[in-house]
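Take any residue in the sequence shown, note its place counting from 1, add 3, and you have its number in this note's numbering.
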Amino acid sequence: MNVTGYQSDMPKGNGILENKQQLFEILTNHLNPNLEHSPFQNVYAVINGNLIIGKDIRLRAKDIEKEIVGWQVSLPAPLDNDPIIKGVGTLLSTSGSPFFYTIDKDGKVFLKGKFENINDEVILNINPYLAELPLRFVPFSVTKPPKNR
């Protein structure tokens, strides 16, 4: 995936452009309820308002269920509205297990992989991409599903 962009800020004094970085955390309603992030390891960067870069996000299963498949995280929606999947790649867990990911046009991150144990974490180090402005997210439902009887 190529990352291209245009920075329209005017040069400062000596002709050098100043980049701006904001750090964001994955909010509770942007994370599958079956996962949790590691304390103090839940940060991604937004450069100049819409360049999304994975910085330090580690996710792990909340219970002994070790395999995950499907929509797990919501990140900002990619800039291009083409319905073709925006990002694909392989991630590794702290135990070295491969996890495969795709990011769709709404910024939903789909993961498939298996944790080795309850302490294993997948490192969400995605390829950088440009996001829509203003940043748009698809949250997980806040209602709880009915309990099985």
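A virtual CB, placed ideally from N, CA and C, is assigned to each residue, including glycine.
These numbers come from a predicted model, not from an experiment.
Rounded separation between Ser77 and Gly57 - CA only: 13 Å
Of the residues Pro137, Glu119, Ile29, Ala48, the one placed nearest Ser41, counting alpha carbons only: Ile29
For Asn45, the first and last residue of its enclosing beta strand (DSSP E): 38-50
Endpoints, the beta strand (DSSP E) within which Ala64 is located: 54-64
Opposing strand residues paired with Glu68 [DSSP bridges]: According to DSSP, Glu68 bridges with nothing at all.
Range covered by the beta strand (DSSP E) that runs through Ile106: 101-106
Cβ neighbours of Gly52 in the same chain (closer than 7 Å, five flanking residues each side left out): Leu136
Range of the contiguous beta strand (DSSP E) that encloses Phe113: 111-117
Backbone secondary structure at Thr31 - three-state DSSP: helix
Given Gly90 as reference, the closest of Gly99, Lys69, Leu114, Asp123 once Cα atoms are compared: Leu114
For Ile1, three-class secondary structure by DSSP: Shown here, the chain extends from 4 to 152; a query on residue 1 therefore has no answer.
Close-in-space but distant-in-sequence residues of the same chain around Arg61 (CB under 6 Å, 5 per side omitted): Ser41, Gln44, Glu124, Ile126
Span separating the alpha-carbon of Lys65 from that of Tyr104: 19 Å
Host beta strand (DSSP E) of Val91 (start-end): 90-95
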